[in-house]
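A.B. asks: Read in order, the letters of the sequence shown correspond to residues 385 to 903 in this note's numbering. Heads up, the beta-carbon is just placed ideally off N, CA and C, and yes, glycines get one too. Structure incoming, see below.
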Amino acid sequence: MPAARTIRIFDTTLRDGEQSPGASMNLTEKLEIAQTLVQLGVDIIEAGFPIASPGDFASVSDIARAVSAVTVCGLARCNDADIDRAWEALQHAAQPRIHVFLATSSIHREFKLRMNEDEVVARAVAGVRRARNCCGDVEFSPEDAARTEIDFLCRVVEAVIDAGATTVNIPDTVGYATPSQMHHVISSLRERVPNIDRAVISVHCHDDLGLAVANSLAAVEAGAGQVECTINGIGERAGNCSLEEVVMALRTRRDHYAVDTGVVTQRLVPTSRLVANITGIQVPRNKAIVGRNAFAHEAGIHQDGMLKERRTYEIMRPEDVGLERTDLVLGKHSGRAALADRALALGYQITPEQLQTVFERFKVLADRKKEIYDGDIAALCEQQFSTLPEQFTFEGYTLTSASGSPPTVELRVLQNGEPRSVSVTAGDGPIDGIFLAIEKLTGIQTACRDFRVQAVTVGKDAQAEVTVELESTAPDTNHQVHRGRGVSTDSLEASAKAFLAAINRVALGAQPRIHPQRT
Ligand code: KIV
Ligand code: ZN
C-alpha cells in the first residue's frame, strides 16, 4: 500500500465525553480508561479540565504521571488562572499539551463574552502565549468556529499560530455544520491563512444533527490532520464524533481518503464495552461498528450471499474491530485456562487474582445457565473492573407479590461489610417494591430518570442487564444524575444491583464542577 498521511486521533472521552449527563467517572475509572486508550493507539488523551474541580485536577495530574506513551492534554479557558492550573496538573507529563479555547462566533462575542473582534483576538493571543510559556505543545480552539464569519476565523487562526499555537482546532460546538460547509472552512483556512503550515489543523464536531462523523471526514478530506472524538460518541448533548466510526470509515475507505491512523482497530469493541460499563451509557444495538447488531445478518438473502462470499454483504470483518465470530463458548465443565483464553480474546487483560474471582463467578453462572456466551464472559470481566468503592453491597431479597396488590420485599445488604436488612410492603410491582426497600434501607431519596433492561445474550436463560439513572434530590447535590448497572440471570436481582450501584454513587457525593462552556 502506498504511504499515506497519518491522522492524529485526539480522544476526549474523559473531558467532553464526561460532559454527557450522568457520565461522571471517578479517578480509578478514568485511569483505567486512559490506559485502555493508550492500548487502543490514540495519539492524544484529553484527560479533563483541571480548573473545573479538584477531581478533574487530580485526574489530569494522575493520568499525566501514569501515561508516557501518548500526549496528555488539559483544557483551559483563555485566562491566567485556568492556564496555570492546567499546567500545574500537566507538568509531570512526558508529553504535555495545553488546550486553550475562546469563543469566536458573533453570537458568542455579543451575548456571552461581550467582547468585540479585537478584544477576542487579543485575549486568544494572550492565552496562547501564556500556555506556550509553560509548554511547547499548545492547541487553540475558536469555540463555535463553525458559526464564525470565515474572515474573522482566518484572522484569529493566523494570530494564534503567530503566538505559538501548534494545533488549531475547529469546533462545531453546537453541531450546526454540514459536510460541504466543513470542507469549505478547512479549505479556506489552508488557502487563506499564510502561516497555516506551522500548525496542525484539527476538527471537533458535535452530533446535534447526526453529522459529527460526516463533518469530521469532510474536514480530513479537506486537509485536517487531527480528529477529536470520543468512544461510543458520548459527549455534551447528542455527543461528539464517534472514534470507532471515524476510524473505521478512514480505514475501510482508505481507497478514498488515503490516510491512516495509529488505532489498533481490534481493540475498538473491548474499549467501547469498557466505556459503556463505566459510564453506564449503553451502546444502542444498531450502533455502527460496536453495536450488537453491527455484524448480524438477518435477511435470508444476505445470509445466503455471506455463505457464498462474505464480501457480498460485509464491508468490514468483525474480527477487525475486535468481535470474534465464534459466539457459543463455554459451559459448566470449562476450566480456568479456557476462561482466561476467552477473556483475553475478548480484550480483557485480567490479573491472576482477578481471574480467580471471575472464575468463581463463572462457576456460579454456569450452574444457573447451560451455555455461557461471549457477552456473559464480558459481563463477568466488567464486574471485576468496576472499581468504585461500595458502601452498600447487595446480598439477597425475598419477595411475595401478586397482581393488583403491593409486594412485600425483604432486602438484605452489607453496609460497609455489616449485614443489614429491611422489609417493606409497598410499590406498584416487584421492581418498584425493591427500589423502595433500597431507599428505606439506605435513607437516600432519588428520582428515577431512566430504567432499562436488556438481555446480555440469547435464550430464555439469558442474563438480564439493567441500567438505572437516578437524580439526586438531596439539597446541595445540584440534581446530579448517577448511573448504575447490574447483571444477573434473575432480572429482579439485576435491578436491585443496578439501583444499589447508582445509590452508591449518590452516597459518594459529587463535587461541584465548573462547566467549560457555561461560564
Ligand atoms: O465543543 C467545543 O467547542 C469544545 C471546545 C472546548 C473545544 O468542546
Ligand atoms: Zn465539544
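#1: So what's F536 in DSSP terms, helix, strand or just coil?
#2: Within the same chain, show all residues whose beta-carbon is closer than 6 Å to that of E430, passing over the 5 residues directly before and after it, in chain order.
#3: Does the structure place the region 578–595 close enough to the region 484–498 that three or more beta carbon pairs sit under 8 Å?
#4: Beta-carbon separation of D464 and I435 under 7 Å?
#5: Give, in chain order, every unbroken run of the alpha helix (DSSP H) that is at least 4 residues long and sits entirely within the region 804–862.
#6: Please state the DSSP three-state secondary structure of S402.
#7: Looking at the unbroken beta strand (DSSP E) that takes in F553, where does it start and where does it end?
#8: How far does the alpha helix (DSSP H) with Q419 in it reach, from first residue to last?
#9: Check whether the Cβ atoms of L424 and R651 sit closer than 7 Å, and answer yes or no.
#10: Work out the CA separation of A547 and E628 for me, nearest whole Å.
#11: Is D400 close to ligand 2? I mean its beta-carbon at under 6 Å from any heavy atom of the ligand.
#12: In chain order, what residues of the same chain have a beta carbon less than 7 Å from the beta carbon of A583, not counting five sequence neighbours either side?
#13: Does the region 466–485 come within contact of the region 514–532, defined as at least 3 CB pairs closer than 8 Å?
#14: Exposed or buried, which one is R869 when buried takes at least 16 other CB atoms within 10 Å?
#15: Return the first residue and the last residue of the beta strand (DSSP E) that C613 is part of.
#16: May I ask you to check if the CB of H492 is nearer than 6 Å to at least one heavy atom of ligand 1?
#17: State the start and end residues of the unbroken alpha helix (DSSP H) segment that holds R867.
#18: Buried or exposed: where does H590 fall if 16 or more other Cβ atoms within 10 Å of its Cβ makes it buried?
#19: Do the region 799–806 and the region 722–731 make contact, defined as three or more Cβ pairs closer than 8 Å?
#20: Three Cβ pairs or more, each shorter than 8 Å: is that satisfied between the region 846–854 and the region 865–879?
#21: Would you mind stating whether V505 and V540 have Cβ atoms separated by less than 7 Å?
#22: For A470, is the classification buried or exposed, using 16 other Cβ atoms within 10 angstroms of its Cβ as the cut-off for buried?
#23: Is there contact between the region 779–786 and the region 756–769, where contact requires at least three CB pairs shorter than 8 Å?
#24: If we require 4 or more residues per run, which alpha helix (DSSP H) segments fall completely within the region 735–760?
#25: Please go through the same chain and pick out, in chain order, the residues whose beta-carbon is closer than 8 Å to the beta-carbon of E523, but skip the five residues on each side of it.
#26: Taking its Cβ as the centre, do 16 or more other Cβ atoms sit within 10 Å of Q740, making it buried, or is it exposed?
#27: Excluding the 5 residues preceding and the 5 following F536 in the sequence, name in chain order all residues of the same chain whose CB lies nearer than 7 Å to its CB.
#28: Does A680 pass the burial test, meaning 16 or more other C-beta atoms within 10 Å, or should it be called exposed?
#29: Provide the residue span of the alpha helix (DSSP H) that contains I570, from first to last.
#30: Determine, using beta carbons only, whether V837 and P405 come nearer to each other than 7 Å.
#31: What's the call for G719, buried or exposed, on a 16-neighbour Cβ count within 10 Å?
#32: According to DSSP, is F778 helix, strand or coil?
#33: Check whether the Cβ of S586 lies closer than 6 Å to any heavy atom of ligand 1, and answer yes or no.
#34: Please specify which runs of the alpha helix (DSSP H), each continuous and at least 4 residues long, are wholly inside the region 601–643, giving them in chain order.
#35: At what residues does the alpha helix (DSSP H) containing S445 begin and finish?
#36: Considering only C-alpha positions, which residue in the set R669, S656, A762 is nearest to L329?
C.D. replies: So, from the listed chains and residues:
#1: Helix at F536.
#2: Closer than 6 Å at the Cβ level, and outside the excluded window around E430, lie T396, R399, C457.
#3: No: fewer than three Cβ pairs fall under 8 Å.
#4: Judged by their CB atoms, D464 and I435 are not nearer to each other than the 7 Å cut-off.
#5: Qualifying alpha helix (DSSP H) stretches, in chain order: 814–826.
#6: Just to set this straight, residue 402 is Glu in the shown sequence, not Ser. Three-state DSSP puts E402 in a helix.
#7: A quick correction: the sequence has Asn, not Phe, at residue 553. Per DSSP, N553 is one residue of the beta strand (DSSP E) stretching across 551–556.
#8: Element bounds for Q419: 411–424.
#9: Yes, they are a contact pair.
#10: In this structure, the CA atom of E628 is about 34 Å from the CA atom of A547.
#11: Taking the Cβ of D400 as the reference point, at least one heavy atom of ligand 2 falls within a distance shorter than 6 Å.
#12: Only I545, A549, T550, T551, V552 meet the Cβ criterion.
#13: Taking a cut-off of 8 Å on C-beta distances, the region 466–485 touches the region 514–532, as three or more cross pairs fall below it.
#14: With 16 or more neighbouring CB atoms inside 10 Å of its own CB, R869 falls in the buried class.
#15: Segment 610–613, the beta strand (DSSP E) holding C613.
#16: It does not: the Cβ of H492 is nowhere closer than 6 Å to a heavy atom of ligand 1.
#17: For R867, no alpha helix (DSSP H) encloses it; the enclosing beta strand (DSSP E) starts and ends at 865–872.
#18: Counting Cβ neighbours within 10 Å, H590 comes out buried, since at least 16 surround it.
#19: At 8 Å Cβ cutoff, the stretches do not touch.
#20: Flag = yes, the region 846–854 and the region 865–879 touch.
#21: Closer than 7 Å, so yes.
#22: Classification of A470: buried, given that the 10 Å Cβ count is 16 or more.
#23: No: the two stretches stay apart, fewer than three of their Cβ pairs being nearer than 8 Å.
#24: Qualifying alpha helix (DSSP H) stretches, in chain order: 736–752.
#25: C457, R481, I482, H483, V484, A549, T550, T551, V552, N553, S586, listed in sequence order.
#26: Exposed.
#27: Taken in chain order, the residues that qualify are T488, E501.
#28: Taking all protein chains in view, the Cβ of A680 is surrounded by fewer than 16 other Cβ atoms within 10 Å, so the residue is classified as exposed.
#29: If you look at I570, you'll find it in the alpha helix (DSSP H) that goes 563–576.
#30: For the 7 Å CB-CB criterion, V837 and P405 do not form a contact.
#31: Taking all protein chains shown into account, G719 has fewer than 16 neighbouring C-beta atoms within 10 Å of its C-beta and is therefore exposed.
#32: Secondary structure of F778 (DSSP, three-state): strand.
#33: No.
#34: DSSP runs (the alpha helix (DSSP H)) wholly in the region 601–643: 627–636, 638–641.
#35: Unbroken alpha helix (DSSP H) run through S445: 438–450.
#36: The structure shown does not extend to residue 329, since the chain spans only 385 to 903, so no value can be given for it.
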